Structure formats: C-alpha cells, structure tokens
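Here the sequence shown stands for residues 11 to 322, where the numbers follow this note's numbering.
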Amino acid sequence: MSLLPNSNLKKICPNCGFENSNSAFWCKKCNTKLTQGFSNDEIKIKKEDIEKQKIEELKNYNRYLSKIEIQKTSQNFNFSFLKLSLIIIAIIVICLICFYFISNFEGFVGSPKDNIPYLSSNKNNNQIKPSSYSVDSDIIGEFNKDYWFEGSKIKTDYYWTFTIETVKEDYTLDGIILDIKTYDIDDYEKDKTYIISPVDLFIGVEDVKDNPENYPFTTSSFTNREIIIQYSIQNTNKDYFDTHVGNNHIIPHNQQVFNKLKNLKTFDKIIIKGDLVNIYGKFSRSNVDWLTDTKIGNSNCEIILINQITVQ
11 MSLLPNSNLK KICPNCGFEN SNSAFWCKKC NTKLTQGFSN DEIKIKKEDI
61 EKQKIEELKN YNRYLSKIEI QKTSQNFNFS FLKLSLIIIA IIVICLICFY
111 FISNFEGFVG SPKDNIPYLS SNKNNNQIKP SSYSVDSDII GEFNKDYWFE
161 GSKIKTDYYW TFTIETVKED YTLDGIILDI KTYDIDDYEK DKTYIISPVD
211 LFIGVEDVKD NPENYPFTTS SFTNREIIIQ YSIQNTNKDY FDTHVGNNHI
261 IPHNQQVFNK LKNLKTFDKI IIKGDLVNIY GKFSRSNVDW LTDTKIGNSN
311 CEIILINQIT VQ
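What follows is the structure, given as structure tokens:
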C-alpha cells in the first residue's frame, strides 16, 4: 500500500481558489491554511461555488452601497428643504416687518395712493392718506332708474323692495370727508344695499374737521361697509379722533343729492341734512335687515337718507 499522497487530488484554497498540490498544507498564493484535497470534478464544483459566493458577496456589497447612497441623498434633500424653508420664513417675516413700518409711517409705497393728493401740514409733514379721492360715478347706477322711492318704500330694478324706518329725523352732519368708498351696483349680489346706497363717506367732525392735519392716518382697507385705518406716529390725539369720526352709508333721496354725490371729493367740507334710517329689504323669501347707529364716533355706522348736501 502506497503512503504517497494521491496525485490526482488537489487542495483548493477556500480564500482565493488557487489549486494547490494534495501534499500542500498552506496556499502558495495567499498563505491560507489548506484542508482536504479534491478530485478534478470536485475542484470544478468547488470553484463554481466560490465564484457564486463571490458574485453574491459583490451583489450584497453593491446593495449596501446603494442603500448608503439613498440615505445620503435623503439626508441632503431634507437638509436643503429645511434650509430653503427657513430662508422663505425669514423673507416673509422681514417683509411683514417692513410692511408694518411703511404702512404706519410712510404710507403704502407703490400703491394707488401715490396718485392721491395727501392732506399734509408743512410744519410737521403730517399726512392723511385715504384709499380714494373721489366717487367713481361710472359704477353707481342711475337714480330713478335702478332705484326709486314710493312713499316709505324703495323699489329697485333688481326685484328687491326696501322699507324705510325713520330712526331720527332732521339729522345734520357737519364735517370733512376723510375717505370715500364707492360700491359697484353690478356687485349687488354681494350686498343688496349697494343698489340704494352706492357710497360710504368717512367723515370727521369738530376739531377733526377744522384741523385734520393734526390727525394723520392711513386707510389700510375700506370695503364691505367697513373701514380700517392705521395711525401715524405723529397722531397723538387718537382717542379724540376715534370719537369724532364715523363711516356713513349714504342713500340719496333725490336727483339733486345724487348728482352732488357723484362730484364729492376727499377733504371736501360738507353739511349733510336728512334722516337716520333703518332699512329692511325683501325679495321672495330673502330678507335684509340694515340698522343704523344714532351718534357719530362710537365705532358703529350711520345710515343717512340724505335730502340735502352742501359743499362749503
């Protein structure tokens, strides 16, 4: 019996796949310890197994790299999005701060107000900055066509009928127009009273009328029967101003008043004579209740059925 190693067997390095002689104990290529020998067929199978193992390890490694890359991309995207969001928020905050200071102290830069002649004092450059300078006569409809009076009723060409309830007769308002709002009769679906009361007048009385430059303000909004103003820092008489101004809803009672209304301008000093009224509108099953205040200067509005307007 021969004690020589079987020359047909070879030892495959499990690390690098190199074929070593059956008598070798260490791989000649990578110096890895060798185990048992294999026949040629077994070597072929072993090499295929090693190759498959290497391919699988390579696939796993590539999957790992892809996962790492996706995580990095996601982290970079989240960081970029966060940075962009912070920049946008900072810009919005800065814009709001600038808007606040500009609107309170310098007016609205670039707004339509730039074309409106401001009422100002040469002494301290106080300014009143209204939203409008005159009545827009092209959008208020026509008297005795779009609406007309029949006793205590106001009939309209829009199927609405309004009933007048007199609250205070012989009401007189002597003041200065500080701002004007005109309502488009074509927008009557928003507010049915646009048909019969196409204009609001923001009016100041007593010292506000005589010395309006001492009460500088900017109109920030005048719409939907409501006016919102912002005081200038020079206005140190806010409490007096608040109690001596009012938003007045105007209902012309005759053609002469209607014609004069179309020509009114901001800073006109006027005397209004008429009645304070409540208005109750009805069309089919729809109703409108519009109620007046009775005293200027308490933050509520007066509805005036005007019989006469005098521009001083």
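Heads up, the beta-carbon is just placed ideally off N, CA and C, and yes, glycines get one too. On a predicted model such as this, the values are computed, not experimentally measured, just so you know.
With a threshold of 16 other CB atoms inside 10 Å of the CB of residue i, please say whether the residue is buried or exposed.
i: Lys21; result: buried
i: Asp285; result: buried
i: Tyr169; result: exposed
i: Leu92; result: exposed
i: Asn134; result: For Asn134, the pLDDT reaches just 44, beneath the cut-off of 50, and the residue's location in the model is therefore unreliable, leaving the point undetermined.
i: Trp300; result: buried
i: Thr176; result: exposed
i: Thr304; result: exposed
i: Ser141; result: buried
i: Phe227; result: buried
i: Val255; result: buried
i: Cys105; result: exposed
i: Tyr157; result: buried
i: Asn310; result: exposed
i: Ile101; result: exposed
i: Ile99; result: exposed
i: Ile237; result: buried
i: Ile195; result: buried
i: Ile239; result: buried
Checking 7 Å against the spacing of the C-beta atoms, do residue i and residue j come in under that value?
i: Lys2; j: Thr173; result: Here the chain comprises residues numbered 11 to 322, so residue 2 is not present and cannot be evaluated.
i: Asp189; j: Phe251; result: no
i: Gly307; j: Thr229; result: no
i: Ile206; j: Ile261; result: yes
i: Phe212; j: Asn257; result: yes
i: Ile313; j: His259; result: yes
i: Asn30; j: Leu44; result: yes
i: Tyr143; j: Thr276; result: yes
i: Lys191; j: Asp210; result: yes
Which residues in the same chain have their Cβ closer than 6 Å to the Cβ of residue i, if we skip the five residues on either side of it in sequence?
i: Val321; result: Asp278, Ile280
i: Tyr193; result: Tyr204, Pro208
i: Ile289; result: Phe172, Trp300
i: Tyr128; result: Low confidence applies here, because Tyr128 scores a pLDDT of 41, under 50, leaving its location unreliable; read the following figure in that light. Counting only Cβ-Cβ distances below 6 Å, and skipping sequence neighbours, we find Gln137, Lys139.
i: Ser294; result: none
i: Asn234; result: none
Residue i bridges to which residues according to DSSP?
i: Ile261; result: Leu315
i: Asp184; result: Ile281
i: Asn297; result: Lys292
i: Lys38; result: The partner list for Lys38 (beta bridge, DSSP) is empty, contrary to what the question assumes.
i: Gly161; result: None; Gly161 has no bridge partner.
i: Glu79; result: BP columns for Glu79 are empty, so no partner.
i: Ser230; result: Its beta-bridge partners do not exist; DSSP assigns none.
i: Glu61; result: The partner list for Glu61 (beta bridge, DSSP) is empty, contrary to what the question assumes.
i: Ser33; result: Paired residues: none, contrary to the question.
i: Thr239; result: Residue identity check: residue 239 is Ile in the sequence provided, not Thr. DSSP, once it has assigned bridges, lists Thr229 as partnering Ile239.
Quick one: residues in its chain with C-beta nearer than 8 Å to the C-beta of residue i, no 5 flanking neighbours on either side, listed in chain order?
i: Lys270; result: Ile319, Val321
i: Lys272; result: Val145, Ser147, Ile150
i: Phe28; result: Ile22, Cys37, Lys38, Lys39, Cys40
i: Asp180; result: Lys283, Asp285
i: Phe109; result: none
i: Gly214; result: Gly185, Ile186, Leu188, Pro222, Tyr225, Phe251, His254, Val255
i: Lys69; result: none
i: Asp42; result: One point to set straight first is that residue 42 is Thr, not Asp, in the sequence displayed. Cys23, Pro24, Asn25, Cys26, Trp36, listed in sequence order.
Counting only beta-carbon atoms, is residue i nearer than 7 Å to chain D?
i: Asn234; result: Here chain D cannot be found, since the structure has a single protein chain.
Leaving out the 5 sequence neighbours to the left and right, which residues in its chain are closer than 7 Å to residue i when beta-carbon positions are compared?
i: Asn247; result: Asn224, Tyr225
i: Phe153; result: Pro262, Gln265, Phe268
i: Lys155; result: Asp167
i: Tyr198; result: Tyr168, Tyr204, Ile205
i: Ser162; result: Thr173, Ile174
Just checking my contact of residue i with residue j at CB under 8 Å: how many whole Å lie between their CB atoms?
i: Leu315; j: Val287; result: 5 Å
i: Ile107; j: Thr182; result: In fact, because the Cβ distance is near 45 Å, the residues do not count as touching under 8 Å.
i: Gly291; j: Lys202; result: 5 Å
i: Gly185; j: Lys219; result: 5 Å
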